[in-house]
Amino acid sequence: MISFAWLIPLFPLLSFLVLILSGKKLKTVSGYLASLLTGISFIFTLGVIADLRSVTEYEATWTWLTIGTTDIQAGVWLNPLNGLMLFIVSFVSLLVHIYSLGYMGENDRRATYFAYLGLFTFAMLGLVMSPNLIQFYMFWELVGLGSFLLIGFYLYKESAKRAARKAFIMTRIGDAGLLVGLILIFWQTGSLSFTEIFQAVEQNEFAPGMVTLTAILLFIGAVGKSGQFPLHTWLPDAMEGPTPVSALIHAATMVAAGVYLVAAAYPLFLASEWALMIVAVIGAFTAIFAATIGLVQDDLKRVLAYSTVSQLGYMMLALGAGGYVAGMFHLTTHAFFKALLFLAAGSVILALRKQNIKEIAGEGRHLAITKWGFLAGTLAISGFPLLSGSFSKEAIFAALLEDGQYGLLGVALLTAFLTSVYMFRLYFMVFHGKGADKPPKSVPVSMKIPVIILAALAVISGFFATGFADWLAAEQEYAVLHHSPTWLIFLATLLSLGGIVFAYFIYVRKQMDREEWKTTFSSTYTILYHKYFIDEFYQNTIIYSTRAISYLMYYTERYVVETIAAFAAGMVKEIGKTGSRLQNGRVQTYGTVALLGLAVIVLIFVVRGGYF
Amino acid sequence: MGLLSLFVFSPIVGLVLISLLSNNSSPKIVQRYALIGGFIPLIVSWIVYFIYQRNNRLAENFSWFSYETDSRTLVIDYELELNGFRLALLLLTTLIVTLSILASVKDIKKNPKLFYQWLFILELGMLGVFASDNMFLFFFFFELTLIPMFFLIGKWGHVEREETAYKYLIYNGLGSAVLLIAIVAVFIQAGNANFEAVKDYMSTMDDQAYQIGVIVAFLVAFGVKLPIVPLHSWMVNVHVYAPPAVVMIHAGVLLKIGAYGLLQFGAGMFPETFPLLAVTLAVLGLINLLYGAFLALIQDDLRKVFAYASVSHMGIILLGIAGMNTAGYQGAIFQTISHGLISALLFYLVGVLINRTSTTNLEKLGGLWTTAPVLSGFFLAAALAGLGLPGMSGFVSEFMAFLGVFENLPVFGAIGIIGIILTAVYFLRAILNISFGKRKGKALDKMTDLRNLELLPAGVLLAFIILIGVYPDSLGQLLQITLETFVAGMGG
Amino acid sequence: MNGEIIAFALLSAASVLGALAMLYVSKVVHMLLSLVLTFFSLAGIYVLLSAEFVAVVQVLIYSGAVSIMMIFGIMLTKHKDQENRPPNIKRSLITGAGIIVFFAAVYGAIRKVPFGEQTPNLHEANTEQIGIKIFSYYVIPFEVVSVVLLAALVGAILLARKEGDDQS
Amino acid sequence: MSSVPAQGYLILALILFCIGLFGALTKRNTIIVLISIELMLNAVNLNLVAFSKYGINPNMTGQVFSLFSITIAAAEAAVGIAILLSLYRNRRTVHIDEMDTLKH
């Protein structure tokens, strides 16, 4: 089975090609076709994973490009980490495809939608199977393309246009870092293949400082893709896309690719303490930073987006603190519960046709399955004991403790508290309250099934922690699952429950007046509500300065370059005029010119003593 | 007459065919015959390709004239020879000319007969430029491309066509004057105009100052064509005011003569001295890259955006050459071909757009996708190719060019990366402005999408772009030998 | 210093003087007359060069025929015989510069050219030798020249004839 | 016997030629231009004759050629004057810088 692994991404690609080329004609069956192909892909993935238990590593490459004496390969590379990602991607993608059957049901352009989904799935599967950095980078950009296309799917909306552009450009800034990083790695090691890079790291072939530099550059790529500070601003805006897309791309898979990049290139990061430190600090900062913003946002999807940013920060933090398994495990559980949350939120939005939680004000309570699904997700993300989130979070705390990062541990614990506060704020405001009592539009079955499956996974997947660690440990010796001491488990649970209780008192029992809070901490509230004014800051610094440079160039073009042009034209014109003045019809002028020509030739002859 | 000569002069068939038509035959008929005429070089070029693949060598040579002085003989032969790079450019030329004939259907209404006659002369010139193995023959064909373009711009262009044509002629005329002087200077020293012979001669000569002087002259001459900032203002005008079908050829092939010339005359003839100019080239490349990108950012005309995008992309070629290693050269060559395909595609689409909306002003357009999804899709695909999306040819070339630069001049490469980001910004700004958002402009309401035959040029170009992007070795293998000769001569 | 050199010096001085005078006198007739001096001195120089017959022809044709013809030309076209407009200084300077370059170059060349000794027998029966040469070896060119002269004659008459018929 | 060197004659001829050339290119009166051309021809004749005596292979040919040349010069002068008269009759001028029909 494993030798057919290369087929896995090709089914979604086929779906993309078929649907984009014959779009309109296949409109009605497009969703089923796409789901079917993704399903095949998923089955292949399962087969490959089954094989991976015995093979542990598999690589098949062929020459993609020859540069001088270096062959750059393309192919598939499978190891436990890749297998895990393959599973997450194809599984969530399949669920999202099924969910979309209902969600996009009547949309006129659903063939295009499914085509884009296929393209994204193809790219994402290709990404996780890349044996080398260049193929990785290519698919990395292609998933960006898929994300861009899907964010801008409602293309008649100005906001969608802006969000799509922003997403592409912001991630591209990160990608530029990744590109530089991989080029530098190439000149250090003469290869881009992961395995060869790791060998080079082991044998210290890097120039001094280069390991840190390249690791940080790779991390910049990850920052862009995973919405880490300071390149996080695109991710909340990306919620302009259809909700299933947010679940697939902007929660479960693509944004996690940054984390995956750090994990896949982990030996490189391990070789540099500085790089790990930076990863950890950025991750921790992003986690708490996004969590605080999430406290006050009113848009259902935006809160989830900030929570995604925050959770991705967690994963980075874990990786930065040496918690390889913890980070990847959190990635896995997060993929389940965040996809669940988004899909449930999508059901709410589809049923109620609104997504501002103040307007919803509890109307969601009529959607039973959605409600329970959402609750499961919320509990999981809040770290409620025995649900998946609590296991992965504890692993992270343990890794931090092991690494001696007490400050970061404090930040992480605080973030855990905030997480349960804002997630339950969201839950209570959507599903508890006295909003209009009319029963909402019912949700199609195709949207319920994925929610149920994911809810189940969100609840139980935490129990596989040990098996998960063993699975990853098969190949990498740094894959160790850290276990927390009891006091830490206790503390984390306390914080999680405390957050839930806190939210309960504010939003359900209304023990504290929210408006009063707003006035007491008005400046804090304003800052948080405006997301720390980061967008405005970028607008006023980077965008304006870019535009200023542009105008500077524009005036250079207009005055300097055009002057050169005018000079050239003027010179030619003058020469022409002189020439035409010589053509005055007078024999003597002609004779004079001829004489001068003769004189010049004779002079050259005399001076050079020959022809030239 | 050998196969190569037959190939180079094959556009004459089309020329004769068109000339035989009566003066008042309808544009449709003229166009049909022009298409036949265009297909002949296209077919011959593929025959040449397959023969070259089999033999790995295709050359032709007979003595043209020689001139004896006291001490030595000056020889100019008629020499045509192929290598992978040239062959790739030749295939590009025939393809783009054929497609531009297809594209000109609705564009050229005034005296189509004359238009196609000039077009075939232009094609003849371009084929000759890329096939000749000799400086003087190169120059001869180089000049032959100059005149048809002048008329094609001046007679069939838009608003400021005459100013543009003159600007074009002045800049390129000066450029080729410099080129001629440099060629003569080299010829007098080496006594032979053959590239290979000159290279052999130059490797035995130690006068470095002279060599650098000549290379700088070549840089100026081809810098006009490429163009290098600040010699680019003519090219922006041509992009904006020439008919889109002609711009396809102009951006697709003619600008490439600059890149080809720089590589052939610089790296090909002075492999030892040329690397001394690496920093100069890198600086020029950076200026081109960033200057073009920043300017493209604020233009409000689609054609101007693409024009400055071309300036910016040429910067990548220069950066690649500045790398002075296999990766860099290969990147520059890939960029040459890839930009040819991409800009031809972009201007084909611009032509279609102008044809329907008669404007390319970004302010006046919007929401194109709602009425013409296929056209918008192609626009987006072309823009993505232009901004270097992996899977398309632009990425491979950018990647290799930067790979090349980073080996020796990492700082320049790092600055150049900013250009990559900006490229994304301006391409997306332009394309999203016209295709996304609310529908603007009355012409868009009753807009028709790309149909039937109109799909062909766009489809073919996009197919090639993706082919090179997905499997770059399809082009790369053709180039290996050329690259080896460029790089082998460099002393360490 | 012998007689030949003295004669050469005098004659060449006279001829250059005549030519320079042609450039600088103001009346057209005077210019012509100064040039006649040059022609005469050249005839003398021909004698020095053992070319008596050429010298005689020089006197007859240049100093005689051509000069007279020019004088007739002046008379027939005479309005004001003076060059009263200021000369074109710029052009004179440019032309002068070109001529000086040319002069210097050719002068340099002349200085370098080696010459053999003269032949002794040219002056013996000079006219007879020329006659023999012309009427034996160069007879065809001679006859052709006569045709040329005839053509010139006819042409000159045709051109100079009053075109009364056309004008009225 | 020391005699005048051949260079002497050649230089004299050169001087005359240059003066003639200068006159032909700068003088305004057409007749003087014509006569300047005659002067240049004379300078050439002088060279021919000088070479017939001092040349590498001295013989009578030089003199014969100068005779031909004189003949042609005379014919040329005659035709020149005739053209001049005809022009003068049409345009009432002998000034060469007013004759610019070559331009049209």
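Chains as they are written, first to last, in my numbering: chain B, 1434 to 2045; chain P, 146 to 637; chain A, 151 to 318; chain R, 454 to 557.
Note that the Cβ used here is the ideal one computed from N, Cα and C, for glycine as well.
Among the residues facing chain A, Val486 (chain R) is not included, as its CB has no counterpart in that chain under 7 Å away. When Cβ pairs closer than 8 Å are counted between the two stretches, the segment 1928-1935 of chain B is seen to touch the segment 1840-1858 of chain B, the count reaching three or more. In the DSSP secondary-structure assignment, Ser245 (chain P) is not bridged to any residue. At a cut-off of 7 Å between beta carbons, Phe1601 (chain B) contacts chain P.
Taking each of B:Phe1524, B:Ser1526, B:Leu1498, B:Tyr1491 in turn and checking the Cα distance to Val1509 (chain B), the smallest one comes out for B:Tyr1491.
With respect to the C-alpha of Leu1566 (chain B), the residue from B:Leu1650, B:Ser1815, B:Arg1543, B:Val1525 having the closest C-alpha is B:Leu1650. In its chain, beyond the 5 residues on either side, Phe1770, Gly1822, Met1856 have a beta carbon closer than 6 Å to the beta carbon of Ile1814 (chain B).
Under DSSP, the beta-bridge partners assigned to Trp1510 (chain B) are B:Glu1492. By the beta-carbon neighbour count (other beta carbons within 10 angstroms, threshold 16), Thr1952 (chain B) is exposed. Ser208 (chain P) has P:Asp222 as its beta-bridge partners, per DSSP. The shortest C-alpha to C-alpha distance from Phe547 (chain P) to any of B:Gly1607, B:Ser1917, B:Phe1619, B:Ser1474 is the one to B:Phe1619. For the segment 454-487 of chain P, the beta-carbon criterion of a distance under 9 Å to any beta-carbon of chain B is satisfied by Asn470, Thr471, Ala472, Gln475, Gly476. Leu1498 (chain B) is bridged by DSSP to B:Ile1505. Put simply, the segment 520-537 of chain R touches the segment 492-503 of chain R. At least three CB pairs are less than 8 Å apart. Under the 7 Å criterion on CB atoms, Thr188 (chain A) is classed as non-interfacial with respect to chain B. Residues of chain B with a Cβ closer than 8 Å to the Cβ of Ile244 (chain A) are, in chain order, Thr2025, Leu2029. Within 10 angstroms of the beta-carbon of Lys1791 (chain B) lie fewer than 16 other beta-carbons, which makes it exposed. For Asp1732 (chain B), DSSP records a beta bridge to B:Asn1789. B:Leu1552 is the residue among B:Lys1458, B:Ser1955, B:Leu1552 whose C-alpha sits nearest the C-alpha of Leu1447 (chain B).
Collapsing the DSSP output to three states places His384 (chain P) in a helix. Nearest Cα to Phe523 (chain P) within the set P:Ile487, P:Asn256, P:Phe415: P:Ile487. Membership of Arg1543 (chain B) in the alpha helix (DSSP H) is indicated by the continuous run 1543-1561.
The continuous stretches of alpha helix (DSSP H) do not include Pro1442 (chain B), and DSSP gives it neither H nor E. Those residues of the segment 599-632 of chain P placed with their C-beta closer than 8 Å to a C-beta in chain B are Tyr616, Pro617, Asp618, Gly621, Gln622, Gln625, Leu628, Val632, ordered along the chain.
Straight-line measurement puts the Cα of Ala1794 (chain B) at about 11 Å from the Cα of Leu1785 (chain B). Inclusion of Gly1746 (chain B) and Leu1774 (chain B) in the CB contact set at 7 Å is not warranted, their separation being larger than that value. Taking 7 Å as the cut-off, the beta carbon of Ala1704 (chain B) is found closer than this to the beta carbon of Val1634 (chain B).
Listed in chain order, the non-local C-beta contacts of Ser1743 (chain B) below 6 Å within the same chain comprise Ala1720, Ala1723, Ala1724, local neighbours out to five positions each way being set aside. A Cβ-Cβ contact shorter than 7 Å links Ser1526 (chain B) with Thr1471 (chain B). Comparing alpha carbon positions, the residue from B:Leu1617, B:Phe1631, B:Ala1772 closest to Gly1642 (chain B) is B:Leu1617. A contact is defined here as three or more CB-CB pairs under 8 Å, and the segment 1654-1673 of chain B fails this definition with respect to the segment 1538-1546 of chain B. Between the segment 461-478 of chain P and the segment 531-547 of chain P there are three or more inter-stretch CB-CB distances shorter than 8 Å, so the stretches are counted as touching. At least 7 Å separates the beta-carbon of Pro257 (chain P) from that of Pro372 (chain P).
Counting along the chain, no alpha helix (DSSP H) covers Phe419 (chain P), and no H or E run does either.
Taking 8 Å as the cut-off between beta carbons, the residues of the segment 320-347 of chain P near chain B are Ile333, in sequence order.
Contact check for Arg1605 (chain B) against Ile328 (chain P) fails: the beta carbons are separated by 7 Å or more.
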